[in-house]
Amino acid sequence: MVNNNEFCRLKPILMTIITIILALMPFLFGSGLGVPLQRPLALTVIGGLALGTLVSLYFIPMAYSWLYRKGRDSEE
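Per the working numbering, residue 22 is the first one in the sequence shown, and the count goes up by one each step.
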């Protein structure tokens with residue numbers, strides 16, 4: 022059910038997510054004025070991006086595939 026177009030989009034999506042996560046790393050490990058206040062925000066954004074990417078790239082297609090097979094089996 023998954024065609025090649027999804028694999029063509031995988032690399033740009035992962036590159037964007039990794040770039041954003043790397044851009045937020047100084048807020049996690051840095052020290053300076055305002056960093057302790059921004060650390061929880063950076064941690065939340067990094068966690069949300071990681072979890073959201075995992076869900077949208079793995080679990081949603083898996084659920085669609087499962088529902089497609091279930092619907093196809095019930096028609097037979």
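Positions of the beta carbon are idealized from the N, C-alpha and C atoms, including for glycine.
Quick caveat, the model's predicted, so the values are computed rather than measured.
With a threshold of 16 other beta carbon atoms within 10 Å, residue 48 meets it and is buried. Burial state of residue 63 is buried, judged by a 10 Å Cβ sphere holding 16 or more other Cβ atoms.
The C-beta separation of residue 72 from residue 42 comes to about 12 Å, leaving the pair out of contact by the 8 Å criterion. Cβ-Cβ separation between residue 88 and residue 66: approximately 31 Å, too far for a contact (criterion under 8 Å). When DSSP states are grouped into helix, strand and coil, residue 95 belongs to the helix group.
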